[in-house]
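A.B. asks: Numbered by this note's numbering, the letters in the sequence shown go through residues 85 to 234 in order. Idealized CB from N, CA, C, for every residue including glycine. As the structure is a prediction and not an experimental result, all values here were calculated from the model.
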Amino acid sequence: MTTTSTSNAAADWLAQAQPDPGSIRQQWAACGQSLILPGRNWDAVELPGFGADSARAAADLGITGPVAHLPGAETLWVFVPPGTAAWWLPVPGITASGSGWHVRSLLLPVPDRVVSPGTYWITPPDGTGHLTDPMHLHRALAAPGVAATG
Numbered sequence: 085m086t087t088t089s090t091s092n093a094a095a096d097w098l099a100q101a102q103p104d105p106g107s108i109r110q111q112w113a114a115c116g117q118s119l120i121l122p123g124r125n126w127d128a129v130e131l132p133g134f135g136a137d138s139a140r141a142a143a144d145l146g147i148t149g150p151v152a153h154l155p156g157a158e159t160l161w162v163f164v165p166p167g168t169a170a171w172w173l174p175v176p177g178i179t180a181s182g183s184g185w186h187v188r189s190l191l192l193p194v195p196d197r198v199v200s201p202g203t204y205w206i207t208p209p210d211g212t213g214h215l216t217d218p219m220h221l222h223r224a225l226a227a228p229g230v231a232a233t234g
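(1) Compute the Euclidean distance between the alpha carbons of W161 and A94, then round it to the nearest angstrom.
(2) Below 8 Å on the Cβ atoms is my guess for T207 versus G149; work out the distance and round it to an integer in Å.
(3) Write down the C-beta distance between F134 and A128 rounded to the nearest angstrom, noting that I regard them as a contact closer than 8 Å.
(4) If you check the beta carbons only, do L215 and V175 fall under 9 Å apart?
(5) Report buried or exposed for A99, applying the criterion of at least 16 other Cβ atoms within 10 angstroms of its Cβ.
(6) Kindly identify the DSSP beta-bridge partner or partners of I178.
(7) Go to P132, then tell me how far its beta strand (DSSP E) extends in each direction, as first and last residue.
(8) Do T203 and L192 have their C-beta atoms within less than 9 Å of each other?
(9) When DSSP builds the beta bridges, which residues end up paired with L154?
(10) For G184, count neighbouring Cβ atoms within 10 angstroms of its own Cβ and tell me buried if that reaches 16, exposed if not.
(11) According to DSSP, is L121 part of a helix, a strand, or is it coil?
(12) Tell me whether the beta-carbon of S181 lies closer than 9 Å to the beta-carbon of G123.
(13) Going by other Cβ atoms of all chains shown within 10 Å of its Cβ, with 16 needed for buried, is R223 buried or exposed?
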């Protein structure tokens, strides 16, 4: 798959998870980012405290799916399967967003934005629906001595 076709597939995958995919594409065209709700095709685990070396920290945690980085807030959003937010057990400072009670919109960039300014993808979605294993992520985050190291 070429970079353009991967980016298009990723954009389709993200937009189709929303009630109005066309509005997502319009917002991306206008300003390069859009508010997108988790809960349909994916949930998101929010990891605060990840700064400049967030890509290395994400790799160290074994994150294999899409990861967006909000540099101003030093936050990572890790994409996990839908339903994860409903069972996510407490890990200090870490939350999961999905459908129902745990919903929170995320301001996400177009899939090919991989550098700042603003929110960008450390690992962009590839359009296949590949997501990080939430059990692996939870175990890694709950391990003694694990802290944000970005």
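C.D. replies: Per the coordinate set shown:
(1) As a position in the sequence shown, residue 161 is number 77, starting the count at 1. As a position in the sequence shown, residue 94 is number 10, starting the count at 1. One alpha carbon belongs to W161, the other to A94, and they sit about 16 Å apart.
(2) One-based indexing of the sequence shown puts residue 207 at position 123. One-based indexing of the sequence shown puts residue 149 at position 65. Indeed, because the Cβ distance is near 7 Å, the residues count as touching under 8 Å.
(3) Here residue 134 is taken as the residue at index 50 of the sequence shown, counted from 1. Here residue 128 is taken as the residue at index 44 of the sequence shown, counted from 1. Incorrect: roughly 14 Å between the Cβ atoms, too far for contact.
(4) As a first step, residue 215 is located in the sequence shown; it is residue number 131 there, counting from the start. As a first step, residue 175 is located in the sequence shown; it is residue number 91 there, counting from the start. Annotated as distal: L215 and V175, with beta-carbon spacing of 9 Å or more.
(5) As a first step, residue 99 is located in the sequence shown; it is residue number 15 there, counting from the start. The residue is buried, with at least 16 neighbouring Cβ atoms inside 10 Å.
(6) For the purposes of this step, residue 178 is taken as the residue at position 94 of the sequence shown. According to DSSP, I178 bridges with V175.
(7) As a position in the sequence shown, residue 132 is number 48, starting the count at 1. Unbroken beta strand (DSSP E) run through P132: D127 to P132.
(8) As a position in the sequence shown, residue 203 is number 119, starting the count at 1. As a position in the sequence shown, residue 192 is number 108, starting the count at 1. Yes, the Cβ-Cβ distance between T203 and L192 is below 9 Å.
(9) As a position in the sequence shown, residue 154 is number 70, starting the count at 1. As computed with DSSP, L154 is found in a beta bridge with T159.
(10) Indexing the sequence shown from 1 puts residue 184 at position 100. Per the 10 Å Cβ criterion, exposed.
(11) Residue numbering aside, residue 121 sits at position 37 when the sequence shown is read from its first letter. Residue state, collapsed to three classes: coil.
(12) In the sequence shown, counting from the first residue as 1, residue 181 sits at position 97. In the sequence shown, counting from the first residue as 1, residue 123 sits at position 39. In contact: S181 and G123 (Cβ atoms closer than 9 Å).
(13) Position 139 of the sequence shown, counting from 1, holds the residue named residue 223. R223 is exposed by the Cβ-count criterion.
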